[in-house]
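Beneath this line is the structure, given in structure tokens, with notes to follow.
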Amino acid sequence: MKFSNLLTLCLAVTTSTAMAQGESRGICGTGDVDIEITKANIAAAEAYAKTHPAEAKGAIRYFPIRFKITGNTDGTAESPVFDVMSLVESINRDFAPYNWRFFVEDVNGVPFDYFFDDARNTKLSQDAAFLEANRATSAITIYVTGDATTPNSSGVGVTLGYYSFRQDILVVRTSEIGSNAATASHELGHYFGLPHTFRGWDCVTWEGTVCSDTTYKSPVTQLIAPCTLGGNSIPVELVTRGSGANCATAGDLFCDTPADYQFGLGYPSCSYDGAVKDRNGDALAPAENNFMSYFQDCNPYEFSPQQFAAMAADVRGSRRSFLSEQSVPINLDSVRLAPQILTPSATGATQFGDEATITWDAIPGALYYYLEVNTSRNFSDRTAILQVTLPATVTSYTIKNLKPDRLYSTRVRAFNQLTVGLPSPGINFRTGTISATTSPEALRSFSVFPNPLSQGSDLIAAIEVERSGEFDAVIFDVTGRQLSAQRLYLAQGSNRATLPTASRLAAGQYIVRVSGPWGVSTRRFNVQ
Numbered sequence: 011m012k013f014s015n016l017l018t019l020c021l022a023v024t025t026s027t028a029m030a031q032g033e034s035r036g037i038c039g040t041g042d043v044d045i046e047i048t049k050a051n052i053a054a055a056e057a058y059a060k061t062h063p064a065e066a067k068g069a070i071r072y073f074p075i076r077f078k079i080t081g082n083t084d085g086t087a088e089s090p091v092f093d094v095m096s097l098v099e100s101i102n103r104d105f106a107p108y109n110w111r112f113f114v115e116d117v118n119g120v121p122f123d124y125f126f127d128d129a130r131n132t133k134l135s136q137d138a139a140f141l142e143a144n145r146a147t148s149a150i151t152i153y154v155t156g157d158a159t160t161p162n163s164s165g166v167g168v169t170l171g172y173y174s175f176r177q178d179i180l181v182v183r184t185s186e187i188g189s190n191a192a193t194a195s196h197e198l199g200h201y202f203g204l205p206h207t208f209r210g211w212d213c214v215t216w217e218g219t220v221c222s223d224t225t226y227k228s229p230v231t232q233l234i235a236p237c238t239l240g241g242n243s244i245p246v247e248l249v250t251r252g253s254g255a256n257c258a259t260a261g262d263l264f265c266d267t268p269a270d271y272q273f274g275l276g277y278p279s280c281s282y283d284g285a286v287k288d289r290n291g292d293a294l295a296p297a298e299n300n301f302m303s304y305f306q307d308c309n310p311y312e313f314s315p316q317q318f319a320a321m322a323a324d325v326r327g328s329r330r331s332f333l334s335e336q337s338v339p340i341n342l343d344s345v346r347l348a349p350q351i352l353t354p355s356a357t358g359a360t361q362f363g364d365e366a367t368i369t370w371d372a373i374p375g376a377l378y379y380y381l382e383v384n385t386s387r388n389f390s391d392r393t394a395i396l397q398v399t400l401p402a403t404v405t406s407y408t409i410k411n412l413k414p415d416r417l418y419s420t421r422v423r424a425f426n427q428l429t430v431g432l433p434s435p436g437i438n439f440r441t442g443t444i445s446a447t448t449s450p451e452a453l454r455s456f457s458v459f460p461n462p463l464s465q466g467s468d469l470i471a472a473i474e475v476e477r478s479g480e481f482d483a484v485i486f487d488v489t490g491r492q493l494s495a496q497r498l499y500l501a502q503g504s505n506r507a508t509l510p511t512a513s514r515l516a517a518g519q520y521i522v523r524v525s526g527p528w529g530v531s532t533r534r535f536n537v538q
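Reading the sequence shown from the start, the letters are residues 11 to 538 in the working numbering.
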């Protein structure tokens with residue numbers, strides 16, 4: 011497990027006195043969790059231990075996650091499904107020692123929520139009302155977005171993700187989703203009430219025995235830490251434990267995490283020997299491999315027993331009552347096999363016209379299939395990709411509106427709520443040619459709004475064409491089933507058309523295709 015760019019990833023409630031300075035350095039401008047919740051969790055954990063002194067680790071506890079994935083209006087720039095599922099698997103490896111498992115929440119056969127809007131994909135965190143209105147009610151909410159800048163940020167530097175106590179959500183930048191993005195486990199620590207091990211020192215760094223704020227040098231003689239978080243003055247934690255210790259009232263409040271004055275930021279190894287001493291003259295020896303520290307590449311990471319006991323108390327408390335103990339995945343099997351594409355054949359079959367039907371074999375344990383179509387043989391062209399998530403009952407999909415005389419590549423993955431399988435071998439196929447008088451590029455631009463669309467509202471299509479003519483606007487569901495069709499007359503230039511049939515759609519994800527003699531284009535939209 012690796013903390014990939016953890017220093018810029020972790021951003022909780024943003025009330026640090028050195029926020030602007032931290033962001034200009036490209037580091038984490040971390041504020042404080044609600045320390046009163048931490049205190050309550052510690053007290054509840056201690057009380058629970060007294061009534062359950064011999065309790066074993068217990069059965070596996072499952073926690074649902076509802077991923078809210080954003081993308082651009084044209085359907086590009088969303089995080090691939092297999093990257094999201096790889097993140098789930100990575101989190102589960104981190105929490106396996108504690109018998110906690112996380113899984114994607116299934117809502118009526120749909121594993122994720124999608125939002126396609128250019129502004130939200132680049133400034134989602136600025137839309138606090140949207141984040142709160144779309145928060146899941148029975149799962150941990152994680153927004154996956156192109157930009158994770160926080161609402162109160164100075165705008166300098168890059169934030170890769172954060173936990174918002176006010177909205178009780180996680181936001182993670184699309185670039186950080188994948189099998190190596192284990193920093194999500196750090197953010198989940200914040201979600202369940204844990205502060206940093208170096209609480210009170212978030213706004214400074216050390217170079218040897220001298221702090222970036224030269225007011226603080228070794229030995230550290232002052233009583234109060236330099237960073238005022240959430241309006242709280244934080245006592246400087248001493249190294250000593252037992253008689254004379256202040257670990258229960260200073261720093262992160264946990265006595266089984268050693269005192270840490272934020273030494274991990276930029277430290278070159280996992281064996282700290284910076285020789286910084288506390289006011290008693292005791293040298294600090296922080297826990298480099300604690301999830302809530304800032305030391306990088308110190309595998310394997312862990313939560314201390316008291317930290318995990320506090321997280322478990324948080325789960326038992328009223329604020330996490332929506333995470334029902336009855337919530338379990340539909341299928342506990344692992345999905346590892348790769349589907350085999352049956353059609354088109356691997357010999358490079360040509361699909362004449364603008365459609366191609368992809369079929370594949372069923373995979374045991376799968377709940378969903380993830381189909382990709384790309385104009386790149388290695389699936390690297392993120393602007394030309396089609397991504398479709400289908401229920402496991404569907405093993406065939408017709409791709410429409412393909413461009414003529416073009417080579418396409420397609421592959422399929424199976425996944426369920428816990429695991430994702432290997433991709434099928436990529437299959438290449440080519441479309442046929444059309445008349446030279448036809449210009450597919452004549453449909454210059456096409457977008458739909460509002461997206462997501464409220465039930466009962468009309469969908470508006472903004473379309474620019476190079477030549478006037480009649481076009482068809484057809485709405486499909488994600489399985490490719492046609493739901494409605496409407497004839498449009500579009501004049502040369504910009505047009506705006508109302509698609510009233512969209513107002514009768516149930517909540518879910520849909521595709522609208524506009525096609526005519528001089529162009530074809532599709533866009534995805536959500537109804538909520």
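All C-beta atoms, glycine included, are put in the ideal place defined by N, C-alpha and C.
- Item | Candidates F481, G210, R533: closest to G526 by CA position | F481
- Message: Our contact map puts Q272 next to Y304 with C-beta atoms below 8 Å; I'd like the distance itself, whole angstroms only.
- Response: 7 Å
- Looking at the unbroken beta strand (DSSP E) that takes in E474, where does it start and where does it end? 469-475
- Task: Return helix, strand or coil for T420, following the three-state DSSP convention.
- Result: strand
- Message: Assuming L428 is part of the alpha helix (DSSP H), what are its boundary residues?
- Response: Segment: none, L428 is in no alpha helix (DSSP H) and carries neither H nor E.
- Query: Hey, out of V398, A54, R423, A366, whose CA is closest to D415's CA?
  - Reply: A366
- Query: When you compare each of P236, G274, A320 to D266 by their alpha carbons, which one comes out closest?
  - Reply: A320
- Query: Over what stretch of residues does the beta strand (DSSP E) that includes K78 continue unbroken?
  - Reply: 71-81
- Query: Where does Q492 fall in DSSP's three states?
  - Reply: strand
- Item | Endpoints, the beta strand (DSSP E) within which D113 is located | Per the sequence shown, residue 113 should be read as Phe rather than Asp. Note, F113: beta strand (DSSP E), 110-114.
- Message: Taking 7 Å as the threshold (C-beta atoms), are N300 and A207 in contact?
- Response: Here residue 207 is Thr; the residue named in the question, Ala, does not match the sequence. Going by C-beta atoms, T207 is nearer than 7 Å to N300.
- Query: Which residues in the same chain as R145 place their Cβ atom closer than 6 Å to its Cβ, once the five residues preceding and following it in sequence are excluded?
  - Reply: T151, I179
- Item | Residue environment, Y499, which counts as buried when at least 16 other CB atoms sit within 10 Å | exposed
- Message: Assuming E46 is part of the alpha helix (DSSP H), what are its boundary residues?
- Response: 45-61
- I187 beta carbon less than 7 Å from that of S89: yes
- Item | Beta carbon of D123 nearer than 7 Å to that of T83 | no
- Expected contact under 8 Å - CB spacing of Q7 and F389 to nearest Å: Absent from the model: residue 7. The displayed extent of the chain is 11 to 538, so no value can be given.
- Which of helix, strand or coil DSSP assigns to L134: helix
- Message: Looking only at its chain, what residues have a beta carbon closer than 6 Å to the beta carbon of S494, apart from the 5 residues adjacent to it on each side?
- Response: I485, T511
- Whole-angstrom Cβ separation of V182 and S228, contact assumed at under 8 Å? That belief does not hold up - the Cβ atoms of V182 and S228 are roughly 36 Å apart, past 8 Å.
- Under the three-state reduction of DSSP, which class applies to Y220: helix, strand or coil? At residue 220 the sequence reads Val, which differs from the Tyr that was named. Strand, per DSSP.
- Query: Around the Cβ of G276, are there at least 16 other Cβ atoms within 10 angstroms (buried) or fewer (exposed)?
  - Reply: exposed
- Could you pull the start and end residues of the alpha helix (DSSP H) that N505 belongs to? That residue, N505, is in no alpha helix (DSSP H); its beta strand (DSSP E) goes 503-509.
- Any 3 or more C-beta pairs closer than 8 Å across the segment 192-203 and the segment 214-229: no
- Task: Could you tell me how far apart the beta carbons of V404 and I373 are, in whole angstroms, since I believe they sit closer than 8 Å?
- Result: Not quite, the Cβ-Cβ distance comes to about 12 Å (not below 8 Å), so this is no contact.
- Item | For R514: DSSP bridge partner residues | Beta-bridge pairing links R514 to no other residue.
- Item | Through-space distance from R103 to Y226, alpha-carbon basis | 38 Å
- Taking the C-alpha atoms as reference points, what is the distance between R35 and F112? At R35 the pLDDT is 32, less than 50, meaning the model places this residue with poor confidence; the figure from the coordinates comes in the next sentence. Taking the straight line joining both Cα atoms gives about 33 Å.
- Exposed unless 16 or more other CB atoms sit within 10 angstroms - verdict on T147: exposed
- Message: Tell me which residues share the same chain as D44 and place their Cβ nearer than 6 Å to its Cβ, disregarding the 5 neighbours each side in the sequence.
- Response: F175
- Write down the C-beta distance between T508 and I473 rounded to the nearest angstrom, noting that I regard them as a contact closer than 8 Å. In fact, because the Cβ distance is near 12 Å, the residues do not count as touching under 8 Å.
- Query: Which residues mark the beginning and the end of the beta strand (DSSP E) in which L396 is found?
  - Reply: 396-401
- Quick one: grab the DSSP three-state call for E197. helix
- Does the beta-carbon distance from A158 to S189 come in below 7 Å? no
- With F72 and S337 assumed to form a contact (beta carbons below 8 Å), what rounded beta-carbon distance in angstroms separates them? Checking the sequence shown, residue 72 turns out to be Tyr, not Phe. Correct: roughly 6 Å between the Cβ atoms.
- Task: Helix, strand or coil for E382, going by three-state DSSP, please let me know.
- Result: strand
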